[in-house]
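Under our numbering, the sequence shown has 82 at position 75, and the numbering climbs by one with no breaks.
Where is the CB? At the ideal position from N, CA and C, for every residue including glycine.
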Amino acid sequence: MHHQDIWRALDTLAAEHGLTVSALARRAGLDPTTFTPAKRQLPDGRARWPSTESLAKVLIATRTPLEAFTALVSGARALPRVLPRPGVRRLPLLPLPCAMTDIFFDAEGRPTGTAPDEFDHPEIGDPAAYALAIGDAEMAPVFREGDIIIASPAAPVRGGDRVVVRLRKGALVARELAERAARRLVLRRFSPPQPIQRLDPSEVAFIHRIVWSSH
């Protein structure tokens with residue numbers, strides 16, 4: 008095993024989850040520069056190993072079994088498919104922002120099973136729940152790039168909840184539900200200065216409450 012084998016495996020793991028290596032580090036609670044090319048060498052030019060602690064945090068954050076990561080180190084070009092552990096739910100995992108929402112959700116707002124990835128979580132009872140991977144900084148500081156959120160179509164939605172909203176025009180967004188009335192929906196963005204978005208209920212296909220986040 009060589010230094011480049013470990014770094015290649017980390018690069019592949021990040022790509023498998025639709026992340027940059029910086030976003031992978033943030034998801035694991037590490038400094039964003041932990042896995043960047045500049046950190047892969049010592050000041051004297053010798054190759055540097057990533058720490059076992061940082062590797063362990065990445066595997067926990069991405070729910071990657073050690074044997075799957077070992078396969079990447081050994082030269083596998085993608086994570087091997089593994090059976091979920093007993094008691095663990097495997098949820099559809101979509102990117103957010105999400106395009107082609109008609110492919111991923113049916114007319115009732117439930118996932119169609121065509122998600123490009125999956126996310127294991129043991130505590131979600133709703134069979135229609137799904138996960139979303141935050142792909143940019145638009146929702147900071149509430150959600151950061153690389154975070155995972157889980158939305159539940161079965162969970163009741165009330166004012167003040169953090170929600171996933173599908174607009175009739177096709178956009179899938181995460182917002183705070185500031186107000187919900189028969190003739191008006193008021194959404195609030197997470198980023199300062201938190202501009203308000205007022206919508207007619209007819210403009211919204213579905214609203215699902217966010218019930219868990221990795222942040």
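- Message: With distance defined between alpha-carbon atoms, name the residue in Arg151, Pro160, Gln201, Ala178 nearest to Gly36.
- Response: By 1-based counting over the sequence shown, the position of residue 36 is 29. Comparing alpha carbon positions, the residue from Arg151, Pro160, Gln201, Ala178 closest to Gly36 is Arg151.
- Is it right to say Thr41 is buried, meaning 16 or more other beta carbons lie within 10 angstroms of its own, or is it exposed? Sequence index remark: in the sequence shown, residue 41 carries index 34 (1-based). Result: buried.
- Query: Ser198: which of Glu145, Leu174, Leu184 sits nearest, CA to CA?
  - Reply: Position 191 of the sequence shown holds residue 198. The shortest Cα separation from Ser198 among Glu145, Leu174, Leu184 belongs to Glu145.
- Query: Around the C-beta of Pro160, are 16 or more other C-beta atoms found within 10 angstroms, so that it is buried, or is it exposed?
  - Reply: Numbered from 1 along the sequence shown, position 153 holds the residue referred to as residue 160. Burial is judged here by how many other beta carbons sit within 10 angstroms of a residue's own beta carbon; Pro160 has at least 16 and is buried.
- Query: What's the gap between the Cα of Leu17 and the Cα of Phe76?
  - Reply: Counting from one through the sequence shown, the residue named residue 17 turns up at place 10. Counting from one through the sequence shown, the residue named residue 76 turns up at place 69. Rounded to the nearest whole angstrom, the CA to CA distance from Leu17 to Phe76 is 8 Å.
- Using a Cβ-Cβ cut-off of 8 Å (strictly less than) and excluding sequence neighbours within five positions of Leu20, which residues of its own chain qualify? Here residue 20 refers to the residue found at position 13 when the sequence shown is read from its first residue. Once the five neighbours on either side are set aside, the close Cβ partners of Leu20 are Leu31, Val65, Thr69, Thr71, Phe76, Leu79, Leu86.
- Query: Beta carbon of Ile217, beta carbon of Val170: below 8 Å?
  - Reply: Taking the sequence shown and counting its residues from 1, one reaches residue 217 at position 210. Taking the sequence shown and counting its residues from 1, one reaches residue 170 at position 163. Yes. Within cutoff.
- Query: In the structure shown, what three-state DSSP assignment does Phe213 receive?
  - Reply: On the sequence shown, residue 213 is found 206 positions in, with the first residue counted as 1. Phe213: strand per DSSP, three-state reduction.
- Assign Gln201 to one of three DSSP states: helix, strand, or coil. Residue 201 sits at position 194 when you count from the first residue of the sequence shown. Gln201: coil per DSSP, three-state reduction.
- Is it true that the CB of Arg173 sits closer than 8 Å to the CB of Thr108? As a position in the sequence shown, residue 108 is number 101, starting the count at 1. As a position in the sequence shown, residue 173 is number 166, starting the count at 1. In this structure, Arg173 lies closer than 8 Å to Thr108 by Cβ.
- Note down the Cα distance separating Trp219 from Ile156, rounded to an integer number of angstroms. To locate residue 219, count along the sequence shown from 1; it is residue 212. To locate residue 156, count along the sequence shown from 1; it is residue 149. Their Cα atoms are separated by approximately 6 Å.
- Message: Beta-carbon within less than 7 Å of Val28's beta-carbon, same chain only, minus the 5 sequence neighbours each way: which residues are those?
- Response: Counting from one through the sequence shown, the residue named residue 28 turns up at place 21. If we look at Val28 and ignore the five residues flanking it on each side, its Cβ neighbours are Leu17, Asp18, Ala21, Phe42, Thr43.
- Ile141: buried (16+ other C-beta within 10 angstroms of its C-beta) or exposed? For this step, residue 141 is matched to residue 134 along the sequence shown. Taking all protein chains in view, the Cβ of Ile141 is crowded by 16 or more other Cβ atoms within 10 Å, so the residue is classified as buried.
- Item | Check whether Trp56 and Ile110 have beta carbons under 8 Å apart | Residue numbering aside, residue 56 sits at position 49 when the sequence shown is read from its first letter. Residue numbering aside, residue 110 sits at position 103 when the sequence shown is read from its first letter. By the CB criterion at 8 Å, Trp56 and Ile110 fall outside the cutoff.
- Query: What distance in whole Å lies between the Cβ atoms of Ala138 and Leu100, which are believed to be in contact at a cut-off of 8 Å?
  - Reply: Locating residue 100 in the sequence shown gives position 93, counting from the first residue. Locating residue 138 in the sequence shown gives position 131, counting from the first residue. Under the criterion of beta carbons closer than 8 Å, Leu100 and Ala138 qualify as touching, at roughly 4 Å.
- Quick one, are the C-beta atoms of Ile2 and Leu184 less than 8 Å apart? Here the chain covers residues 8 to 222 and nothing more, so residue 2 does not appear.
- Hey, quick one: how far does the beta strand (DSSP E) through Leu139 stretch, first residue to last? Here residue 139 refers to the residue found at position 132 when the sequence shown is read from its first residue. Note, Leu139: beta strand (DSSP E), 137 to 141.
- Message: Taking 8 Å as the threshold (C-beta atoms), are Arg53 and Ser221 in contact?
- Response: Sequence index remark: in the sequence shown, residue 221 carries index 214 (1-based). Sequence index remark: in the sequence shown, residue 53 carries index 46 (1-based). For Ser221 and Arg53, no; Cβs fall outside 8 Å.
- Task: May I ask you to report which of helix, strand or coil DSSP gives Ser159?
- Result: Within the sequence shown, the letter at position 152 stands for residue 159. Strand, per DSSP.
- Under 7 Å Cβ to Cβ from Gly120, same chain only, skipping five residues before and after it: list those, please. To locate residue 120, count along the sequence shown from 1; it is residue 113. Within the same chain, Gly120 has close Cβ partners Pro99.
- Query: Taking C-alpha atoms, which residue in Pro123, Met8, Ala114 lies nearest to Cys105?
  - Reply: In the sequence shown, residue 105 corresponds to position 98, counting from 1. Of Pro123, Met8, Ala114, the residue nearest in Cα terms is Pro123.
- For Gly167, which residues of its own chain have a beta-carbon under 8 Å away from its beta-carbon, when the five flanking residues on both sides are left out? As a first step, residue 167 must be located in the sequence shown, where it is residue number 160. Excluding positions up to five away in sequence, the list reads Glu183, Leu184, Ala185.
- Task: State the start and end residues of the unbroken alpha helix (DSSP H) segment that holds Val260.
- Result: Here the chain covers residues 8 to 222 and nothing more, so residue 260 does not appear.
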